[in-house]
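Engineer: I'd like to ask you about the structure that follows.
Chains as they are written, first to last, in our numbering: chain R, 23 to 336; chain S, 3 to 546.
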């Protein structure tokens, strides 16, 4: 029943967001016709009228939306007005690049972020804690395109350890090519995750049940793992989920600096050229990606929290 | 396609990022004071290659949208690639002259019929022979309504096969410009069977080419790369490709520079000239420049602030072209007096050069005398309304807009800049046009003939809004009809004078075509001919 309601809410969200996105594109300044007729000397009134009719641009907003929605219900995302290729083909070649980049970045910021957070919570007040806090504070304050540019100039141009552009071929090629972009994308997130981890762990350490566990003589390692870390993971996972969802929609700058043909670059180009079908499809992908991530977080949550687990069993 | 101003989509933030990359790595050198760049010297071609190159990686700014050159979606990147794959009836040369291509002969039978004799023994990439029927079908395809080249066929009344190896094009009036168009995309010969068999796939990543040329389309991996390979059965073995395989990739300006600096790229025709300074001073790349038709101008709208031609001329006298070239094009542009570059002089070069040199009132760097003359013009006009110049915040437009404001202030005019978002910076839109008196844009034509540009001064033009003169319109028709080069040059020079007198655009700087190459390779043309000439076939290694 809850699942059904949740599904209904998702569908409603999709319908509303598709309508809002379409409306936004429709209201945006500029005219797609000037991009559809490549040559300004061909811009005769007759040609403009013909192109408008061909792409349904002469119809009202609602009619255009309904045509698009009807095709979508039949599984047809339409064809890119600019590329003359099916939108699914365009996304099909670019999604893997963006998804592998985000996955790589997610592994980095979760593993490193949590590790640093735990370390600095356990060494609270020491030089290690101060160092980690200082470095991560500094890292959050640098915009990711600056990080990207510095990484390229040092590790790709000067040291030649990594490629300057492209997503790479095969699994190891991909890892090699995406290392710098993934670091650039993950750096700010590492800082946030480690701070959240540290904060929640510090709070947990002072709670009664931890004190109790410690007073029973439970080893320090077990106390940390079973009581402190486990109970801290809830907020950390929520935070990671939010960051991940944001990343799925926020790769454009890093993609552009590293010459990756991903969803982000495609979206910006499509917005600039008023390529409605492509913009619609990408923004819907982003909405769906956000939903999937939040559902995943909701599914992981009970596995960690003994109270939630117990609640669902009873 | 007769002309297309490039639309700016590159983000300014990334340009800044590009500068940072270089600043961050000392061994690539800095842009200031490079001796190679003190003076812009234009050459038609880089030195000929000696040896065969097995693999090249070529960079461009974006992915082509279609490889079907008749499609509206086809853009400059499509041309750059397909110039190597699809030959035309006539062939544009690196020195911008015309030579027979897939037509071994062409002749005007009378003033309104042009006869092409089709070359024998030519095979398409799929191995089938090229016939006069293919030529006929191809020309009809280019002329069809909605095809991007159909505007070149306005005067054509019929295309027929008049012999086993002969195709005749008939015109309602003589049209000299048509031959130049035939060396461009309007004269590509396609295999009818090859195109029809592919249906909707033709021109997309799922399709193949249906042409003959020194290289053939091997693969278009959408979003990743396009690969061309040396065509095995190419008819002209003297001009067989010196490159076995060339892979096209795309990225932002800084990606292109980094790829060239690290050797990941073999070469690139640069759109953003400021990248060139970083490449010219390094030891791993060379930069060459050649004549092109591209010029940055300030296009005057019908808004009214500059309705009086004397104001336009005064501004043209006072604007600092040299300063713009330095600040916006890294010193690699040239202050320019015409709205079309020296690459337009595909014939009668000396005459055009002399006429250009004789032009006055458009100084590279305004002297006191120029400013005084400009001030006098402004005073003659009397009361004026403030002038508005548009910019979209992109580096070149910003520099030009500021140069105009500076010029206006120096001669007693008031001018302000209005910012228009890049997406909205569309001069063909009347509502946008009415928000400013001047829009800067770079404009190039695909034909190497000034007539190809100055026809835009006709009253039915869609790219200028001030010149409306029946006498000019008659001259445009005359120029198109002048089959003799000398005669056409004379009319073209007259048109240029009338255009300059009315000054619907204020020319600022010429942006030559610029190619960056790895120091290991050479051979490609430096001139704007790379849009239609099979340039990659000339790319090879330096040493034997």
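Glycine is no exception: its CB is placed at the ideal position from the N, C-alpha and C atoms. Since the structure is predicted, the reported quantities are computational estimates derived from the model, not experimental observations.
Pop quiz: residue 542 of chain S and residue 93 of chain S are said to be a contact at Cβ under 8 Å. What is the actual Cβ separation, rounded to whole angstroms?
Structural biologist: Counted from its first residue, the second chain places residue 542 of chain S at position 540. Counted from its first residue, the second chain places residue 93 of chain S at position 91. With 8 Å as the limit, residue 542 of chain S and residue 93 of chain S do not qualify as a contact, their Cβ atoms being about 19 Å apart.
Engineer: Should residue 382 of chain S go down as buried or exposed, given a rule of 16 or more other Cβ atoms within 10 Å for buried?
Structural biologist: Numbered from its first residue, the second chain carries residue 382 of chain S at position 380. By the neighbour-count rule (16 or more Cβ atoms within 10 Å), residue 382 of chain S is not buried but exposed.
Engineer: Consult DSSP for residue 446 of chain S and reduce its assignment to one of helix, strand or coil.
Structural biologist: Reading the second chain from its first residue, position 444 is the one you call residue 446 of chain S. Residue state, collapsed to three classes: coil.
Engineer: Tell me which residues of the region 251–277 of chain S have at least one Cβ-Cβ distance to chain R shorter than 8 Å, keeping chain order.
Structural biologist: From the region 251–277 of chain S, only 251, 252, 253, 254, 256, 257, 260, 261, 263, 264 and 266 have a Cβ closer than 8 Å to chain R.
Engineer: Would you identify the three-state DSSP class for residue 323 of chain S, choosing helix, strand or coil?
Structural biologist: One-based indexing of the second chain puts residue 323 of chain S at position 321. It is helical.
Engineer: Helix, strand or coil: which one does DSSP assign to residue 33 of chain R?
Structural biologist: If you number the first chain from 1, residue 33 of chain R lands on position 11. It is helical.
Engineer: Check whether the Cβ atoms of residue 175 of chain S and residue 528 of chain S lie closer than 8 Å to each other.
Structural biologist: Within the second chain, the letter at position 173 stands for residue 175 of chain S. Within the second chain, the letter at position 526 stands for residue 528 of chain S. No, these two residues do not count as a Cβ contact at 8 Å.
Engineer: Taking buried to mean at least 16 other C-beta atoms within 10 Å of its own C-beta, is residue 199 of chain R buried or exposed?
Structural biologist: Here residue 199 of chain R refers to the residue found at position 177 of the first chain. So residue 199 of chain R counts as buried.
Engineer: Are the C-beta of residue 496 of chain S and some C-beta of chain R separated by less than 8 Å?
Structural biologist: The residue given as residue 496 of chain S occupies position 494 in the second chain. So no, residue 496 of chain S is outside the interface.
Engineer: DSSP puts residue 361 of chain S in a beta bridge; with which residues?
Structural biologist: Indexing the second chain from 1 puts residue 361 of chain S at position 359. BP columns for residue 361 of chain S are empty, so no partner.
Engineer: Quick one: residues in its chain with C-beta nearer than 7 Å to the C-beta of residue 112 of chain R, no 5 flanking neighbours on either side, listed in chain order?
Structural biologist: In the first chain, counting from the first residue as 1, residue 112 of chain R sits at position 90. Cβ neighbours of residue 112 of chain R beyond the five flanking positions: 102, 105, 288 and 300.
Engineer: If you count every other CB in all the chains shown that lies within 10 Å of the CB of residue 83 of chain R, and 16 or more means buried, which is it?
Structural biologist: Indexing the first chain from 1 puts residue 83 of chain R at position 61. The residue is exposed, with fewer than 16 neighbouring Cβ atoms inside 10 Å.
Engineer: If the criterion is Cβ atoms closer than 8 Å, does the pair residue 36 of chain R and residue 309 of chain R meet it?
Structural biologist: Taking the first chain and counting its residues from 1, one reaches residue 36 of chain R at position 14. Taking the first chain and counting its residues from 1, one reaches residue 309 of chain R at position 287. Yes, Cβ-Cβ distance for residue 36 of chain R and residue 309 of chain R is below 8 Å.
Engineer: Flag residue 185 of chain R as yes if its beta-carbon sits less than 8 Å from any beta-carbon of chain S, otherwise no.
Structural biologist: One-based indexing of the first chain puts residue 185 of chain R at position 163. Output row for residue 185 of chain R: interface = yes.
Engineer: Of all the options S/460, S/406 and S/414, which has the alpha carbon lying nearest to the alpha carbon of residue 440 of chain S?
Structural biologist: As a working mapping, residue 440 of chain S is identified with position 438 in the second chain. If we check each option's Cα against that of residue 440 of chain S, S/406 comes out closest.
Engineer: Is there a Cβ from chain R that is less than 8 Å from the Cβ of residue 225 of chain S?
Structural biologist: Indexing the second chain from 1 puts residue 225 of chain S at position 223. Cβ-Cβ to chain R under 8 Å: yes for residue 225 of chain S.
Engineer: What is the DSSP secondary structure of residue 101 of chain S, counted as helix, strand or coil?
Structural biologist: Here residue 101 of chain S refers to the residue found at position 99 of the second chain. Strand, per DSSP.
Engineer: Would you identify the three-state DSSP class for residue 516 of chain S, choosing helix, strand or coil?
Structural biologist: Within the second chain, residue 516 of chain S is the residue found at index 514, counting from 1. Of the three classes helix, strand and coil, the one that applies to residue 516 of chain S here is strand, per DSSP.
Engineer: At least one CB of chain R closer than 8 Å to the CB of residue 68 of chain S: is that the case?
Structural biologist: Along the second chain, read from residue 1 onward, the residue named residue 68 of chain S stands at position 66. Yes, because at least one Cβ of chain R sits closer than 8 Å to the Cβ of residue 68 of chain S.
Engineer: Would a check of beta-carbon distances place residue 115 of chain R closer than 8 Å to chain S?
Structural biologist: Within the first chain, numbered from 1, the residue matching residue 115 of chain R stands at position 93. By this cut-off, residue 115 of chain R is an interface position.
Engineer: Across which residues does DSSP place residue 173 of chain S in a beta bridge pair?
Structural biologist: One-based indexing of the second chain puts residue 173 of chain S at position 171. S/158.
Engineer: Between which residues of its own chain and residue 59 of chain S is the CB-CB distance below 6 Å, once the five residues before and five after are set aside?
Structural biologist: In the second chain, residue 59 of chain S corresponds to position 57, counting from 1. Cβ within range, chain order: 249, 267 and 268.
Engineer: Do three or more CB pairs link the region 253–261 of chain S to the region 279–287 of chain R at distances below 8 Å?
Structural biologist: As far as the Cβ criterion goes, the region 253–261 of chain S touches the region 279–287 of chain R, which means the pair count is three or higher.
Engineer: Sort out for me which residues DSSP pairs residue 168 of chain S with in a bridge.
Structural biologist: In the second chain, residue 168 of chain S corresponds to position 166, counting from 1. Paired residue(s): S/119 and S/165.
Engineer: Going along the region 120–148 of chain R in order, which residues come within less than 7 Å of chain S, judged by CB to CB distance?
Structural biologist: Per Cβ criterion, the list is empty.
Engineer: Applying the criterion that 16 or more other CB atoms from any shown protein chain within 10 Å of the CB defines a buried residue, is residue 526 of chain S buried or exposed?
Structural biologist: What you label residue 526 of chain S is simply residue 524 of the second chain in a count that begins at 1. Buried, by the Cβ-count rule.
Engineer: Is residue 152 of chain S helix, strand or coil by DSSP?
Structural biologist: If you number the second chain from 1, residue 152 of chain S lands on position 150. Correct three-state label for residue 152 of chain S: helix.
Engineer: Quick one, which of S/260, S/90, S/56 and S/233 has its alpha-carbon nearest residue 170 of chain R's?
Structural biologist: Stepping through the first chain from its first residue, residue 170 of chain R is reached at position 148. Selected option, being the one with the closest Cα: S/260.
Engineer: Going straight from the alpha carbon of residue 472 of chain S to that of residue 481 of chain S, what length do you get?
Structural biologist: For the purposes of this step, residue 472 of chain S is taken as residue 470 along the second chain, with counting starting at 1. For the purposes of this step, residue 481 of chain S is taken as residue 479 along the second chain, with counting starting at 1. Those two C-alpha atoms are separated by around 14 Å.
Engineer: From this set, R/191, R/306 and R/315, which residue's C-alpha is nearest residue 99 of chain R's C-alpha?
Structural biologist: Here the question's residue 99 of chain R lines up with position 77 in the first chain. The shortest Cα separation from residue 99 of chain R among R/191, R/306 and R/315 belongs to R/306.
Engineer: Cα separation between residue 326 of chain S and residue 179 of chain S?
Structural biologist: Position 324 of the second chain, counting from 1, holds the residue named residue 326 of chain S. Position 177 of the second chain, counting from 1, holds the residue named residue 179 of chain S. If you take the alpha carbons of residue 326 of chain S and residue 179 of chain S, they lie about 33 Å apart.
Engineer: Under the rule that 16 or more other beta-carbon atoms within 10 Å means buried, what is residue 340 of chain S, buried or exposed?
Structural biologist: The count along the second chain starts at 1 and reaches residue 340 of chain S at position 338. Classification for residue 340 of chain S: buried.
Engineer: In this structure, how does DSSP classify residue 535 of chain S when only helix, strand and coil are distinguished?
Structural biologist: The residue given as residue 535 of chain S occupies position 533 in the second chain. Note: residue 535 of chain S maps to coil in three-state DSSP.
Engineer: Hey, quick one: how far does the beta strand (DSSP E) through residue 271 of chain S stretch, first residue to last?
Structural biologist: Counting from one through the second chain, the residue named residue 271 of chain S turns up at place 269. Counting along the chain, the beta strand (DSSP E) containing residue 271 of chain S begins and ends at 269–272.
Engineer: Taking its Cβ as the centre, do 16 or more other Cβ atoms sit within 10 Å of residue 203 of chain R, making it buried, or is it exposed?
Structural biologist: On the first chain, residue 203 of chain R is found 181 positions in, with the first residue counted as 1. So residue 203 of chain R ends up on the buried side.
Engineer: Quick check: what's the CA-CA separation for residue 14 of chain S versus residue 112 of chain S?
Structural biologist: Start at 1 with the first residue of the second chain, and residue 14 of chain S comes out as number 12. Start at 1 with the first residue of the second chain, and residue 112 of chain S comes out as number 110. Residue placement at residue 14 of chain S is flagged as unreliable, the pLDDT there being 30, under the threshold of 50; a coordinate-derived value is accordingly withheld.
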